[in-house]
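One structure is given below, encoded as structure tokens.
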Amino acid sequence: EHERQAKILLYNAVSVGTTWGWPLIGGVASTGARGFLTQFAIFTAFLVVLIPLLILGAPETTYARSSFNTKDHFPMLTRSQLRFPTITFTKEAVLQYLRGVKFMSYKAMIVDRTLLMQAPRAAAAPSVLLLFTVTLLPHVTLWGLVSSLSLLFTPRPFRLAESSIGLLLFAPFVLGTAAVFGLPFLLLSRRNFSRTIHLVTLATGSAFASIGLLSFGLYIVDSARKPGPGDSVMIWDLVFTRRGGGLSFPVISLLLGLLALGSAVLDTTIQPVIQQSTAFTSANMNMALRNIADMQAGLTCLRTLVAGAFVLGLPAVVSTWDGLRVSAIGMGVVQIFVTAVAAAIYFDLGEDVRRLDGMVMGLVDLSSLKDRGSFFDED
Numbered sequence: 026e027h028e029r030q031a032k033i034l035l036y037n038a039v040s041v042g043t044t045w046g047w048p049l050i051g052g053v054a055s056t057g058a059r060g061f062l063t064q065f066a067i068f069t070a071f072l073v074v075l076i077p078l079l080i081l082g083a084p085e086t087t088y089a090r091s092s093f094n095t096k097d098h099f100p101m102l103t104r105s106q107l108r109f110p111t112i113t114f115t116k117e118a119v120l121q122y123l124r125g126v127k128f129m130s131y132k133a134m135i136v137d138r139t140l141l142m143q144a145p146r147a148a149a150a151p152s153v154l155l156l157f158t159v160t161l162l163p164h165v166t167l168w169g170l171v172s173s174l175s176l177l178f179t180p181r182p183f184r185l186a187e188s189s190i191g192l193l194l195f196a197p198f199v200l201g202t203a204a205v206f207g208l209p210f211l212l213l214s215r216r217n218f219s220r221t222i223h224l225v226t227l228a229t230g231s232a233f234a235s236i237g238l239l240s241f242g243l244y245i246v247d248s249a250r251k252p253g254p255g256d257s258v259m260i261w262d263l264v265f266t267r268r269g270g271g272l273s274f275p276v277i278s279l280l281l282g283l284l285a286l287g288s289a290v291l292d293t294t295i296q297p298v299i300q301q302s303t304a305f306t307s308a309n310m311n312m313a314l315r316n317i318a319d320m321q322a323g324l325t326c327l328r329t330l331v332a333g334a335f336v337l338g339l340p341a342v343v344s345t346w347d348g349l350r351v352s353a354i355g356m357g358v359v360q361i362f363v364t365a366v367a368a369a370i371y372f373d374l375g376e377d378v379r380r381l382d383g384m385v386m387g388l389v390d391l392s393s394l395k396d397r398g399s400f401f402d403e404d
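When we follow the numbering used here, the leftmost residue of the sequence shown carries the number 26, and every step to the right adds one.
And the structure:
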């Protein structure tokens with residue numbers, strides 16, 4: 026597992042960087058005559074190459090070859106294998122690869138209900154549910170607010186062009202990528218992920234996320250002339266004044282960057298918490314790696330489902346003055362409360378949570394603890 030850390034960190038950094046960095050490039054590409062339609066042409070060109078690589082390449086990288094039969098021999102490294110491999114891209118090599126590719130993660134002798142319920146049980150593990158609760162609001166709110174930028178700033182009085190809206194994601198790109206790439210190295214420099222480090226990470230991430238979320242909504246609302254009591258006007262109907270310098274878009278980018286930074290800091294706790302859980306409940310390394318993959322996949326699915334709902338619903342909520350103010354205050358306060366409760370659970374009941382993980386995932390056999398009667402009992 027330790028040999029994969031650098032590659033996983035590099036993948037996470039590239040993933041976050043391309044997610045929040047592409048709007049910067051897309052905004053520039055949209056300045057032409059075709060507008061934002063140019064971005065779809067660029068996406069299509071990439072997808073023509075990437076989709077076949079995803080279908081044919083991803084299974085090869087996830088297939089587990091660590092389970093050997095008794096008749097199998099462990100491969101030995103030769104001197105030529107220690108060097109950088111020589112890849113020959115020919116038609117025969119491609120056909121040989123296609124014949125040998127395996128579209129499964131591992132091979133089982135028996136497929137039963139226990140095996141089929143393995144991934145759903147991992148998604149329902151207490152550690153996964155705690156991570157889901159702690160990291161959910163910053164993650165989904167960031168996606169929801171980014172999806173609302175065009176709704177907020179394209180109409181009057183702003184009328185921002187595509188390139189200007191893309192520049193609003195400069196701070197999330199810089200701060201989010203730096204946090205995803207730098208903080209895991211800082212955590213890995215420690216020998217263990219202690220409770221103190223865990224609590225400090227939770228407090229720091231929650232503070233950044235809450236500050237960014239609260240300030241984003243309140244700053245936009247405070248920069249406008251407030252409507253009368255009982256009025257619920259649309260956000261683009263507000264009159265923005267020059268009080269306090271007016272509305273500054275670099276400040277809005279910075280506040281989104283703080284929200285992205287807080288979300289990235291909280292996400293750095295996912296891998297250590299899951300690794301601690303699997304190390305506590307898994308019988309061997311093969312089972313631990315399989316459980317890590319299942320728990321991370323379950324958490325990703327849960328967060329993606331809720332993020333999709335926020336992307337669809339949050340723009341309609343923040344389009345009104347009252348909705349933007351209430352959602353900013355409500356989600357910011359809820360994030361602080363959720364983090365405090367989760368920190369208390371991790372601090373006092375961390376070992377009990379890991380035991381429950383094993384029970385929910387079926388990794389702890391309690392049959393030996395049942396009362397089977399005494400050896401000295403007579404018939």
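For glycine and all other residues, C-beta sits at the position ideal for the given N, C-alpha and C.
Taken through DSSP and simplified to helix, strand or coil, threonine 364 comes out as helix. If you draw a straight line from the Cα of tryptophan 45 to the Cα of glycine 237, it is about 16 Å long.
Of all C-beta pairs linking the stretch 183–194 to the stretch 351–365, fewer than three are shorter than 8 Å, placing the two stretches out of contact.
Valine 153 is classed as buried because its beta carbon has at least 16 other beta carbons within 10 Å across all chains shown. Secondary structure at threonine 229: helix, using DSSP grouped into helix, strand and coil.
Residue pairing by DSSP leaves threonine 69 without any beta bridge partner.
Inclusion of arginine 328 and leucine 161 in the CB contact set at 8 Å is warranted, their separation being smaller than that value.
Going by DSSP, serine 273 is part of no alpha helix (DSSP H) at all; its letter is neither H nor E. Here DSSP, grouped into helix, strand and coil, assigns threonine 345 to strand. For phenylalanine 362, the number of other beta carbons within 10 angstroms of its own is below 16, and it is reported as exposed.
Between the alpha carbons of alanine 147 and threonine 69 lies a distance of about 35 Å. Approximately 5 Å separates the beta-carbon atoms of leucine 286 and alanine 204; this is inside 8 Å, confirming the contact. Distance check between proline 145 and each of Val378, Phe372 and Met320 places Met320 closest, using alpha-carbon atoms only. The beta strand (DSSP E) runs of length 3 or more contained entirely in the stretch 156–230 do not exist; there are none.
Rounded to whole angstroms, the separation of the alpha carbons of glutamine 296 and lysine 32 is 14 Å. Nearest C-alpha to proline 197 among Val276, Pro180 and Ile135: Val276. Between the stretch 336–350 and the stretch 227–243 there are three or more C-beta pairs closer than 8 Å, enough to call the two in contact. The C-alpha of phenylalanine 128 lies about 18 Å from the C-alpha of alanine 118.
The alpha-carbon of glycine 191 is positioned some 44 Å away from that of leucine 374.
Alanine 289 is a Cβ neighbour of glycine 201, given a cutoff of 8 Å.
Rounded to the nearest angstrom, the Cβ distance from asparagine 316 to methionine 384 is 13 Å, too far for a contact under 8 Å.
The C-beta separation of glycine 230 from leucine 291 comes to about 4 Å, placing the pair in contact by the 8 Å criterion. Judged by their CB atoms, glutamine 301 and phenylalanine 178 are not nearer to each other than the 8 Å cut-off.
Contact annotation, phenylalanine 183 with serine 278: C-beta distance approximately 14 Å; criterion of less than 8 Å not satisfied.
Alanine 334 and alanine 341 have their C-alpha atoms spaced approximately 12 Å apart. By the 16-neighbour rule on beta-carbons within 10 angstroms, phenylalanine 372 is exposed. Between serine 173 and leucine 339, the beta carbon gap of about 6 Å places them in contact (Cβ cut-off 8 Å). Burial state of valine 126 is exposed, judged by a 10 Å Cβ sphere holding fewer than 16 other Cβ atoms.
Threonine 345 and threonine 294 have their C-alpha atoms roughly 35 Å apart. Around the beta carbon of glycine 57, fewer than 16 other beta carbons sit within 10 angstroms, so the residue counts as exposed. Per the C-alpha coordinates, the member of Phe65, Leu141 and Phe210 positioned closest to leucine 35 is Phe210.
Judged by DSSP secondary structure, lysine 32 falls within the alpha helix (DSSP H) whose first and last residues are 30–54. Distances from the CA of threonine 325 to each of His164, Ala234 and Ala228 were compared; the closest alpha carbon is that of His164. By the C-beta density criterion, glutamine 121 is exposed, having fewer than 16 other C-beta atoms within 10 angstroms. Listed in chain order, the non-local C-beta contacts of valine 41 below 6 Å within the same chain comprise Gly201, Thr202 and Val205, local neighbours out to five positions each way being set aside. About 13 Å separates the beta carbons of alanine 150 and aspartate 377, which is beyond the 8 Å limit, so they are not a contact pair.
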